[in-house]
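K.L.:
For reference, the structure I am asking about is given below.
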Amino acid sequence: MSLLLHPFLSVGLLSAGISLAVAVIVWRQPDAPGARTYAVLLIVLGIWSLLYVGQLFHESIVMKRPWLVARHAISAVVGILFWLFAAKYTGRPELLSRRYMTPIVGGGALLTGIQLFNPMNSYWVSFSLYTGDSVPRMDITFGPLFFLFVAYIFAVVGAGHWFIVKDLRDSFSVYRRQLSAMTVVGIIEFVIFIVFFTEHIDAVRSLNPWPHLQLVTYNMVFVALPLGWSYLRESLFELQPIRRQAVIENMGDAVFVFDTQDQLRNSNAPASALIGGSDLSAVEGKPASAVFSEHPKLLDAYRSGQTNTQHSDENTIGYDGAVELSDDAVELSDESLTGNDSDGNLVELSTDDGKRFYDLRVSTIETETTDDAGTVVVARDVTIRRKQREMLSERTAELENRKAELERQNERLDQFTSMVSHDLRNPLGVAEMYLEFARDTGDEDDFEAVSEALDRMDTMIDELLTIASADTTVESREQITLHSLASDAWETTQADGGTIEFDIGPDTVVRGDRELLRNVFENLYRNALDHNEPPVLIRVGTLDKDRSGFYVEDDGTGIPEDDREQVFEYGHTTSDSGSGFGLHIVSELITAHDWEIGITESPDGGARFEVYTDSDDIGTA
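Its first residue numbered 1, the sequence shown is counted upward by one per residue in my numbering.
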């Protein structure tokens with residue numbers, strides 16, 4: 001039989017073909033982590049099979065040796081590529097750092113150079129040709145560095161597979177099949193390398209019941225097929241494995257994992273920052289009381305959350321495998337990841353950056369075998385959200401106040417319209433009537449009536465301007481001496497027939513708008529003078545200790561109790577000379593200060609107006 005048609009060669013070519021075909025398909029997915037490295041690995045394995053075919057094809061030891069040396073040398077490349085693939089595929093960028101890559105690449109390059117140049121027969125000692133089989137094969141005696149090279153290959157490839165197997169245990173169930181495929185490939189690879197590196201050792205070869213079979217060739221088919229199957233059947237790069245630990249590490253929220261003994265088993269960087277930036281590895285295995293020793297509020301919230309979750313099925317986290325809390329094999333629910341903060345879970349902490357607020361969620365871990373495998377604590381920093389909510393609340397209140405002010409302005413405009421269209425026309429009509437009488441009779445009383453009507457119009461116009469003005473809003477407050485404010489208002493009031501007394505200390509001050517408060521006193525004085533027969537005594541003083549504020553009272557006839565609720569209404573008056581706007585203006589200006597005004601009876605039986613201020617708005621200088 002021609003060597004070209006020998007089944008060993010056919011199987012080797014099949015192995016190479018499968019590897020190269022799958023490599024071409026995988027190469028077309030450059031965005032998948034590890035895909036390009038995986039494709040290059042398949043190409044190298046295909047070349048490895050072709051080199052084996054080349055070695056088998058030649059019959060002389062001189063022609064076989066270069067193919068053998070090249071196949072051994074490329075084995076180091078296989079190890080390095082598999083390490084790169086495992087690091088990228090499992091999402092461990094730290095394995096690509098100089099700390100790991102320098103000894104792996106450097107060691108592989110050194111050992112490969114020793115193979116190629118073989119100084120002092122340290123790798124290859126001797127070669128001989130064995131022709132007892134259907135295909136001539138080489139018998140080789142290896143030097144001590146051969147076994148070092150074998151250990152290097154097993155260490156690098158074995159470490160890469162360890163990370164994949166670890167992810168098989170510590171990953172979500174959707175990835176289990178593809179990772180299982182990779183595990184099968186790893187086992188076959190180990191068998192291949194064992195056969196490859198030991199097929200030339202007599203003691204090992206003697207254990208082969210079929211010494212005429214070149215098992216390495218068949219093993220390469222066995223590795224090529226699972227590699228292709230893991231990609232084509234199990235969507236190797238369509239679903240990238242996600243480790244549960246990686247989920248926790250990449251969460252922006254602080255995560256603490258406690259076992260059933262209340263001991264810390266896992267955490268992430270935000271958790272360390274939450275408790276002051278300390279390394280949580282020092283407290284792993286310690287109870288929650290030790291973990292939160294400097295933050296009793298967190299401990300209390302954790303204890304409270306534990307109590308609540310014992311009676312609720314809503315705060316649970318499912319886990320679909322064996323309980324390995326040391327590796328934090330948990331699946332976090334959407335509620336734990338995206339739950340809204342609530343006042344019941346809100347914890348306030350004092351930090352170097354000031355007060356911060358955290359929404360604390362405590363969830364029980366459930367497994368297939370138990371309803372309580374531990375506890376997960378997720379603390380979300382909601383400080384910014386809370387500040388935004390407070391700003392929104394303040395803005396809403398500001399808009400509501402602005403709306404109320406606009407409504408008051410509209411009301412004043414309505415009052416303005418009413419006053420112009422009706423109230424001002426009444427005294428104007430009176431004045432016109434008496435002016436006509438005066439022209440006919442020349443009676444001085446008629447002229448006096450005209451003058452009184454015009455005076456009333458003047459008063460109404462002044463009050464109208466106050467009502468219609470937008471200056472009834474208190475934009476800022478200043479500290480004002482109450483005695484000087486009340487006395488200045490008395491000086492500008494037409495006080496014929498009236499006297500005033502002040503029961504105010506010289507150092508008593510009030511915080512408010514000076515002009516608006518002066519208008520309050522002027523209108524209260526005018527009300528007392530207009531509604532009582534002279535002489536009228538007006539008294540101004542401060543309230544007793546039960547209420548903060550001041551009063552204005554007179555010794556007149558007073559206001560009937562049934563009328564006291566209506567006197568502040570627009571247009572209400574019991575005097576022919578009154579406008580009905582004075583006390584309404586007083587009420588508006590007091591309300592603008594966020595104060596209150598009430599009416600009672602003075603000790604002399606007259607009217608007593610009491611203005612109730614905030615305790616901070618009145619006192620002594």
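Heads up, the beta-carbon is just placed ideally off N, CA and C, and yes, glycines get one too.
Computed from a prediction, not measured in an experiment: that's the story for all the values here.
#1: Secondary structure at L264, three-state DSSP: helix, strand or coil?
#2: Note down, in chain order, each residue of its chain lying with its Cβ closer than 6 Å to the Cβ of R386, except the 5 sequence neighbours on either side.
#3: Helix, strand or coil: which one does DSSP assign to A254?
#4: From T542, S363, W83, T441, pick the residue whose C-alpha is nearest to that of I164; which is it?
#5: Does T102 come out as helix, strand or coil in the three-state DSSP assignment?
#6: Go through its chain and collect everything with a Cβ distance to G108's Cβ below 6 Å, but skip five positions before and after it.
#7: Distance check for Y551 and V610, CA to CA, integer angstroms please.
#8: If you draw a straight line from the alpha carbon of D546 to that of I599, how long is it in whole angstroms?
#9: Going by Cα to Cα distance, which pick from Y38, E515, R564 is closest to A21?
#10: Okay, do the segment 103-121 and the segment 43-53 touch, 3+ Cβ pairs below 8 Å being the bar?
#11: Please classify D328 as buried or exposed, where buried requires at least 16 other C-beta atoms within 10 Å of its C-beta.
#12: Taking only the alpha-carbon atoms, compute the straight-line gap between L346 and L264 and give it to the nearest angstrom.
#13: Kindly confirm or deny that the segment 494-509 and the segment 557-570 touch, where touching means at least three C-beta pairs closer than 8 Å.
#14: When burial is assigned at 16 or more other CB atoms within 10 Å of the CB, is W595 buried or exposed?
#15: When the Cα atoms are used, what is the spatial distance from L589 to A621?
#16: So, for Y525: in the same chain, excluding its five sequence neighbours on each side, which residues have a beta-carbon less than 8 Å away from its beta-carbon?
#17: Hey, K253 and R389 are a contact pair by Cβ (cut 8 Å); roughly how many whole angstroms apart?
#18: For S348 and L96, what's the separation of their Cα atoms in angstroms?
#19: With DSSP run on the structure shown, which of helix, strand or coil describes E501?
#20: When DSSP builds the beta bridges, which residues end up paired with Y358?
#21: Taking all protein chains shown into account, do 16 or more other C-beta atoms lie within 10 angstroms of the C-beta of G558, making it buried, or fewer, making it exposed?
#22: I'd like to confirm the pairing. Which residues does DSSP put opposite V646 in its beta bridges?
#23: Given a threshold of 16 other Cβ atoms within 10 Å of its Cβ, counted over all protein chains shown, does I384 qualify as buried or as exposed?
#24: Is the beta carbon of G582 sitting closer than 8 Å to the one on N527?
#25: Which word fits S484, buried or exposed, when buried means at least 16 other C-beta atoms lie within 10 angstroms of its C-beta?
#26: State the Cα-Cα distance for the pair G622 and E94, rounded to the nearest angstrom.
#27: Alpha carbon to alpha carbon, what distance is there between T141 and F127?
#28: Under a Cβ-count criterion, where at least 16 other Cβ atoms within 10 Å of its own Cβ denotes burial, should W162 be classed as buried or exposed?
#29: If you drop the 5 nearest sequence neighbours on each side, which residues of the same chain put their C-beta closer than 8 Å to that of I504?
#30: Which of the three DSSP states is assigned to S304 in this structure?
#31: Could you check what DSSP says for S49 in three-state terms: helix, strand or coil?
#32: Would you please state the rounded distance, in angstroms, between the beta carbons of L360 and V377? I believe it to be under 8 Å.
P.N.:
Checking against the coordinates, here is how it stands:
#1: For the purposes of this step, residue 264 is identified with residue 264 of the sequence shown, where counting begins at 1. Residue state, collapsed to three classes: strand.
#2: In the sequence shown, the residue the question calls residue 386 occupies position 386. Around R386, the same chain offers F357 as residues with beta carbons nearer than 6 Å, after the five sequence neighbours per side are excluded.
#3: Numbered from 1 along the sequence shown, position 254 holds the residue referred to as residue 254. Strand.
#4: Translated into the one-based positions of the sequence shown, residue 164 becomes position 164. With respect to the C-alpha of I164, the residue from T542, S363, W83, T441 having the closest C-alpha is W83.
#5: As a first step, residue 102 is located in the sequence shown; it is residue number 102 there, counting from the start. Helix at T102.
#6: To locate residue 108, count along the sequence shown from 1; it is residue 108. The residues are A76, I80.
#7: Indexing the sequence shown from 1 puts residue 610 at position 610. Indexing the sequence shown from 1 puts residue 551 at position 551. A small correction: the amino acid at residue 610 is Glu; Val does not occupy that position in the sequence shown. Here the C-alpha atom of E610 lies approximately 4 Å from the C-alpha atom of Y551.
#8: Position 546 of the sequence shown, counting from 1, holds the residue named residue 546. Position 599 of the sequence shown, counting from 1, holds the residue named residue 599. Cα to Cα, the separation comes out at about 16 Å.
#9: For this step, residue 21 is matched to residue 21 along the sequence shown. Per the Cα distances, Y38.
#10: The way I'd put it, the segment 103-121 doesn't touch the segment 43-53; fewer than three beta-carbon pairs between them come closer than 8 Å.
#11: For the purposes of this step, residue 328 is taken as residue 328 along the sequence shown, with counting starting at 1. Residue confidence for D328 is low, a pLDDT of 36 falling below 50, so the modelled location carries little weight and cannot support an answer.
#12: Within the sequence shown, numbered from 1, the residue matching residue 346 stands at position 346. Within the sequence shown, numbered from 1, the residue matching residue 264 stands at position 264. One Cα belongs to L346, the other to L264, and the distance between them is close to 22 Å.
#13: Verdict: no, contact absent.
#14: To locate residue 595, count along the sequence shown from 1; it is residue 595. Result: buried.
#15: Reading the sequence shown from its first residue, position 589 is the one you call residue 589. Reading the sequence shown from its first residue, position 621 is the one you call residue 621. Our two residues, L589 and A621, have alpha carbons roughly 24 Å apart in a direct line.
#16: Residue numbering aside, residue 525 sits at position 525 when the sequence shown is read from its first letter. Only residues of its own chain outside the window of five on either side were considered, and among them A489, W490, T493, A495, G498, I500, I538, V552 have a CB closer than 8 Å to the CB of Y525, listed in chain order.
#17: Along the sequence shown, one-based indexing puts residue 253 at 253. Along the sequence shown, one-based indexing puts residue 389 at 389. The displayed chain sequence assigns Asp, not Lys, to residue 253. Going by Cβ atoms, the distance from D253 to R389 rounds to 19 Å, so no, they are not a contact pair.
#18: As a position in the sequence shown, residue 348 is number 348, starting the count at 1. As a position in the sequence shown, residue 96 is number 96, starting the count at 1. Here residue 348 turns out to be Glu, not Ser, going by the sequence shown. Those two C-alpha atoms are separated by around 41 Å.
#19: Here residue 501 corresponds to residue number 501 of the sequence shown, with the count starting at 1. Here E501 sits in strand by DSSP.
#20: The residue labelled residue 358 in the question sits at position 358 within the sequence shown. DSSP output for Y358 lists V347, D381 as bridge partner(s).
#21: Within the sequence shown, the letter at position 558 stands for residue 558. In this structure G558 is buried. Its beta-carbon is surrounded by 16 or more other beta-carbon atoms within 10 angstroms.
#22: No answer is possible for residue 646: the residues shown for the chain start at 1 and end at 621.
#23: For the purposes of this step, residue 384 is taken as residue 384 along the sequence shown, with counting starting at 1. Exposed: under 16 other Cβ atoms inside 10 Å.
#24: If you number the sequence shown from 1, residue 582 lands on position 582. If you number the sequence shown from 1, residue 527 lands on position 527. Cβ distance < 8 Å, so G582 and N527 count as in contact.
#25: The residue given as residue 484 occupies position 484 in the sequence shown. Sixteen is the threshold: since fewer than 16 other Cβ atoms of the shown chains lie within 10 Å of the Cβ of S484, the residue is exposed.
#26: Residue 622 cannot be examined here, being either before or after the span of the chain that is shown, 1 to 621.
#27: Start at 1 with the first residue of the sequence shown, and residue 127 comes out as number 127. Start at 1 with the first residue of the sequence shown, and residue 141 comes out as number 141. Their backbone Cα atoms lie some 7 Å apart in a straight line.
#28: Residue mapping note: residue 162 aligns to position 162 of the sequence shown, counting from 1. Exposed, since its Cβ has fewer than 16 Cβ neighbours within 10 Å.
#29: Locating residue 504 in the sequence shown gives position 504, where the first residue counts as 1. Same-chain partners within the cutoff: L482, H483, A486, V540, G541, T542, F550.
#30: On the sequence shown, residue 304 is found 304 positions in, with the first residue counted as 1. If DSSP states are grouped into helix, strand and coil, S304 belongs with the helices.
#31: Locating residue 49 in the sequence shown gives position 49, where the first residue counts as 1. Residue state, collapsed to three classes: helix.
#32: Here residue 360 is taken as the residue at index 360 of the sequence shown, counted from 1. Here residue 377 is taken as the residue at index 377 of the sequence shown, counted from 1. Contact flag correct, Cβ pair sits at about 7 Å.
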